[in-house]
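Heads up: the sequence shown begins at 199 in the working numbering, then just goes up one per residue. Backbone N, C-alpha and C fix where the C-beta goes; we use that ideal spot for every residue, glycine too.
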Amino acid sequence: MALLSTAARSYLSHVLTAGNRHDVHSPFVYKLVTEALRQRTPGSEYAAIEDLRRELLQRNDTITVTDHGAGPRRKQGNERRIGSMARSALKPRRQAEQLARIAQHFRPGSVLELGTSLGITTLYLARTLPDARVHTIEGCPATASLAQGHFQQHGGANITLHTGPFRQQLPLVLGLIDRLDLVFIDGHHAAAPTLDYFGQCLAKAHNDSVFIFDDIHWNAEMEQAWAEIQGHPRVSVTVDLYHYGLAFLRKEQQREHFRLRY
Ligand SMILES: C[S@@+](CC[C@H](N)C(=O)[O-])C[C@H]1O[C@@H](n2cnc3c(N)ncnc32)[C@H](O)[C@@H]1O
């Protein structure tokens, strides 16, 4: 283990210690596991989005990015190759499909994503939930403009993109939404902002709202944010899938925290 990076050690430790459906006694979480998490067949409905990802990976042109978040692990200049962004910033196919299956399981009518980037997960959510309104926020204008083009080309009519820093856009977007059914926080991987965005979203959340936090083990700050979310008085159940952390507010649930390998 000493030769492994901190990230590799953390992942290995999750794989070795996390449970599976046999360790889940909550019917609510068991249903999520059997109906959504255990399904791994690649969905053909996402083929066009994966074609777009492949095109983006090939691109050598650059844009000037505005970074409002924790930034990439390795510091870079503001000039970013679109191909590199597609490689490093976007959820890989397997995780994007897992996100889509979780969304399909809960069938939310209103979705809010913090962190659009080039729009891949937004398109997954919009394609999975054609009757939902998907709001997504991106702080970098150049990145947002590319994403908007992808939404126009790939049938993202149910997507509303809001451009600007989360701290400025989130209160405005929350003002437009009566009830938040599903929130996906995938940007600004630092403790205080993550907890702040979570707190703001709670004001529009209800008993059946689903919160999905990306990369809860990305750094010490995200570990801290995740621990505080798990201990939050309104949160009853959490599911740690390593790449994602799911938090539920259901009052009828016994307080329980699951770590699962899917
Ligand atoms: C990891 S990427 C999102 C990836 C995308 N969800 C996907 O997998 O297809 C995070 C994005 O959040 C944006 N972001 C980070 N912090 C932000 C902030 N404080 N305000 C607005 N946007 C922010 C970044 O510009 C970046 O494009």
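Residue i: buried (16+ other C-beta within 10 angstroms of its C-beta) or exposed?
i	result
R207	exposed
L288	buried
S434	buried
H387	buried
L214	exposed
R377	exposed
A423	buried
H223	exposed
L254	buried
A445	buried
H333	buried
A425	exposed
A284	buried
L230	buried
G307	exposed
For residue i, which option in the options has the closest C-alpha, if you only look at C-alpha atoms?
i	options	result
N356	G385, A324, F456, R365	A324
S407	G347, N258, V309, Q452	V309
I300	V381, T264, R453	V381
S211	L393, L255, M283, Y440	Y440
Y244	E426, P290, E295, W424	E295
N276	P339, G354, H348	P339
A401	A390, D384, F226, R432	R432
P328	I280, A345, F349, G354	G354
A330	E419, R305, I261, L344	R305
Q346	Y228, R365, T320	T320
H404	M420, Q367, K449, E426	K449
L250	L344, R236, H220, V263	L344
I383	H220, T239, L297, L230	L297
T239	T264, R279, R291	R291
According to DSSP, is residue i part of a helix, a strand, or is it coil?
i	result
L327	coil
H404	strand
S282	helix
I427	helix
L447	coil
D249	helix
S308	strand
D412	strand
V381	strand
H212	helix
I375	coil
L255	helix
R223	The residue asked about is misnamed: residue 223 is His in this sequence, not Arg. Here H223 sits in coil by DSSP.
V263	coil
CB residue i to CB residue j, shorter than 8 Å?
i	j	result
T314	L359	yes
H266	G317	no
L312	Y395	yes
Q302	A234	yes
R457	N218	no
Q351	P369	no
T392	F411	yes
R160	G281	Outside the modelled stretch of the chain, which goes from 199 to 460, sits residue 160, for which no answer is possible.
I335	Q367	yes
Q451	F226	yes
T341	I247	no
Three-pair Cβ contact test at 8 Å for the stretch 415 to 431 versus the stretch 440 to 455: yes
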